[in-house]
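Undergrad: Numbering (this note's numbering), first residue to last: 1 to 606. The structure is given below, and queries will be raised subsequently.
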């Protein structure tokens, strides 16, 4: 094996090299320990620097080793961290890019840390239903304080290194050439007492009361997820117990969480999202089309929400509508949403003004002639789609990507309304489009590979989780939703109420039950889909609650009533006796005698 470090004067530089994010694979862990051991025996090496690359110091555990024996094989991360901490020569971790999870725990085991101000620091394990398991919950509170550490560990969100300058996490935060700065700093540590994070004292006034308050707050926010509360317990152990005992508490809690259904599900989703981003027959080096401007047809709930995604990413948007009144209403809702974020401190006035300044409106399709990507978000009717795409075919520039936000209709048929089916695909956003992360990318029979690759890249830019679907009725999400909603409808006919069903599903862990979702998305959307099906198969038309509600114009939140009623300016779903009357009418027409339905039956059937 070649020397596992490079000697720069009297400093041994160990470079982490496991692209793309220097995941701590078994091979890399072995290399780090070998480097520490070799430098210990090298009389020329008086100090050690551990450094990554511009993109990352280390993103933590190597995801390719997740759920495999290699993840825990010796030297495991504990062994590596111990080697750093026990080195008799000073070890400096030089951090650029990302230091996440095990990568941050590795850096915390070094005697010193120097970072670029732009580096991103996080312990994101909670997002996988676990907690930092290599000393993170014990060391981080010792260097940044209890409250900052707890917030970072419970949220899992990254923090810029510059924001943590002045804490004991970093001995120095620099700009410019990190290696040069690290070498200069490392030379200054020669002959100095070694600093071990484990030896730092950590305390908090009235700690018992603080941690009880934290448990109450975190418990209310995390609901069905056990990891955030366990994180609180682990950090509390850092305050109340000696370091080694705190490590034992952390290890015990980590082992418990790894076995939970919640963690297994979150890890499954983690890998699923990454697998979904790879398309077997589209090469990773496919040349992408430029998307510097976006056109959106329709300023309704969906169109406005879609527009916000692109505005948030700094991409100019032009929305067109048939009437000025509809345009004004749509823009007003977008502004109101941003003003809500401003009040919550999630947005600055400058950011709000910049986003709104990149929004243009028009009543003329010709305004879209220069758009690189055009998305229609109009009524769910094939005739309406035909009209829209026929016009787009006339005005859109060559090479523009034409997308439909249809949730169920045949994308190949929609593409046939143009002379450029290779440029057409489905981009099915989910309501509310500016919040929901899922984006179904519907690949037509003639969709070009560069269109698909460009769309996947754009999805990432607007922070969506993109999943490619083929062309079929309802694609993936709505095919799943259809059978789920059908059970909800049948349960209501048989004796449950919409609010009982929603309550059970929300207690299980869904953010909203099926009927609240229907009211949020708009009951007219589902009604339009059903009418298309009735036209093809008249025998499907039977008395049902969903149709009755829509026939009364109760389309949900946007009309002030649906399965629930809504007070002006509020989103609270209020059970409505009118709906109970509609349900009773349908039951009578179908000859159904209502029965008492248990919560368990609702859960199992949905």
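Beta carbons are placed, not taken as given, at the ideal position from N, Cα and C, and that holds for glycine. Remember, predicted model here, so these are calculated numbers, not experimental data.
Terminal residues of the continuous alpha helix (DSSP H) containing residue 254?
TA: From DSSP, the alpha helix (DSSP H) with residue 254 extends over 243 to 258.
Undergrad: What's the gap between the Cα of residue 175 and the Cα of residue 129?
TA: 35 Å
Undergrad: By alpha-carbon positions, which one of 438, 467, 378 and 516 ends up nearest to residue 528?
TA: 378
Undergrad: Smallest Cα separation from residue 392: which of 364, 406, 412 and 410?
TA: If you compare the alpha carbons of 364, 406, 412 and 410 with that of residue 392, the shortest gap goes to 364.
Undergrad: Could you check whether residue 65 and residue 109 sit closer than 8 Å to each other, using their CB atoms as the reference points?
TA: no
Undergrad: Would you tell me roughly how many angstroms separate the C-alpha atoms of residue 19 and residue 86, rounded to the nearest one?
TA: 28 Å
Undergrad: Who are the Cβ neighbours of residue 79 in its own chain at under 8 Å, not counting the five residues just before and after it?
TA: 29 and 33
Undergrad: Over what stretch of residues does the beta strand (DSSP E) that includes residue 317 continue unbroken?
TA: 317 to 320
Undergrad: By Cβ distance, which residues of its chain are closer than 6 Å to residue 521, with the 5 residues on each side in sequence left out?
TA: 431
Undergrad: Count the other CB atoms within 10 Å of the CB of residue 411; is the residue buried (16 or more) or exposed (fewer)?
TA: buried
Undergrad: State yes or no: is the beta carbon of residue 329 nearer than 8 Å to at least one beta carbon in chain C?
TA: Absent from the structure: chain C. Only one protein chain is present.
Undergrad: Per DSSP, residue 204 forms a beta bridge with which residues?
TA: The partner list for residue 204 (beta bridge, DSSP) is empty, contrary to what the question assumes.
Undergrad: For residue 599, which of 552, 508 and 572 has the nearest alpha-carbon?
TA: In terms of Cα proximity to residue 599, the closest of 552, 508 and 572 is 508.
Undergrad: Could you pull the start and end residues of the alpha helix (DSSP H) that residue 230 belongs to?
TA: For residue 230, the enclosing alpha helix (DSSP H) begins and ends at 227 to 240.
Undergrad: According to DSSP, which residues form a beta bridge with residue 160?
TA: 120
Undergrad: On the DSSP bridge assignment, give the partners of residue 561 in chain order.
TA: 556 and 565
Undergrad: Measuring straight from C-alpha to C-alpha, what distance separates residue 335 and residue 123?
TA: 34 Å
Undergrad: Restricting to Cα atoms, I'd like to know which of 269, 530, 471 and 235 is closest to residue 253.
TA: 235
Undergrad: Measure the C-alpha to C-alpha separation of residue 442 and residue 463 and round it to an integer number of angstroms.
TA: 18 Å
Undergrad: Check whether the Cβ atoms of residue 23 and residue 60 lie closer than 8 Å to each other.
TA: yes
Undergrad: What would DSSP say about residue 429, mapped onto helix, strand or coil?
TA: strand
Undergrad: Using only alpha-carbon positions, find the residue among 148, 478, 425 and 62 that is nearest to residue 456.
TA: Among 148, 478, 425 and 62, the Cα nearest to that of residue 456 belongs to 425.
Undergrad: Are there three or more Cβ pairs, one per stretch, closer than 8 Å when the region 485 to 496 is compared with the region 541 to 551?
TA: With the cut-off at 8 Å, the region 485 to 496 and the region 541 to 551 touch.
Undergrad: Which class does residue 134 belong to by DSSP, given the choice of helix, strand or coil?
TA: coil
Undergrad: Measuring alpha carbon to alpha carbon, tell me which residue in 563, 226 and 581 is nearest residue 575.
TA: 563
Undergrad: Among all the DSSP beta bridges, which residues are the ones paired with residue 376?
TA: 297 and 404
Undergrad: Who does residue 575 pair with in a DSSP beta bridge?
TA: Beta-bridge pairing links residue 575 to 564.
Undergrad: Using a Cβ distance threshold of 8 Å, determine whether the region 141 to 156 contacts the region 191 to 200, with at least three qualifying pairs required.
TA: yes
Undergrad: Have a look at residue 15 and residue 440 and give me their C-alpha separation to the nearest angstrom.
TA: Taking the straight line joining both Cα atoms gives about 40 Å.
Undergrad: When burial is assigned at 16 or more other CB atoms within 10 Å of the CB, is residue 404 buried or exposed?
TA: Residue 404 comes out buried.
Undergrad: Starting from residue 266, follow the alpha helix (DSSP H) in both directions and report where the run begins and ends.
TA: 261 to 276
Undergrad: Give me the Cβ distance between residue 239 and residue 214, rounded to the nearest whole Å; I'm assuming they're in contact under 8 Å.
TA: With 8 Å as the limit, residue 239 and residue 214 do not qualify as a contact, their Cβ atoms being about 11 Å apart.
Undergrad: Just tell me which of 161, 90, 302 and 230 has its CA closest to the CA of residue 48.
TA: 90
Undergrad: So, helix, strand or coil for residue 6, using DSSP?
TA: Three-state result, residue 6: strand.
Undergrad: How would you write the range of the beta strand (DSSP E) that residue 50 sits in, first residue to last?
TA: 47 to 51
Undergrad: What does the alpha-carbon distance come out to for the pair residue 1 and residue 57?
TA: Any reading at residue 1 is ruled out, since the residue's pLDDT is 44, under 50, leaving its predicted position unreliable.
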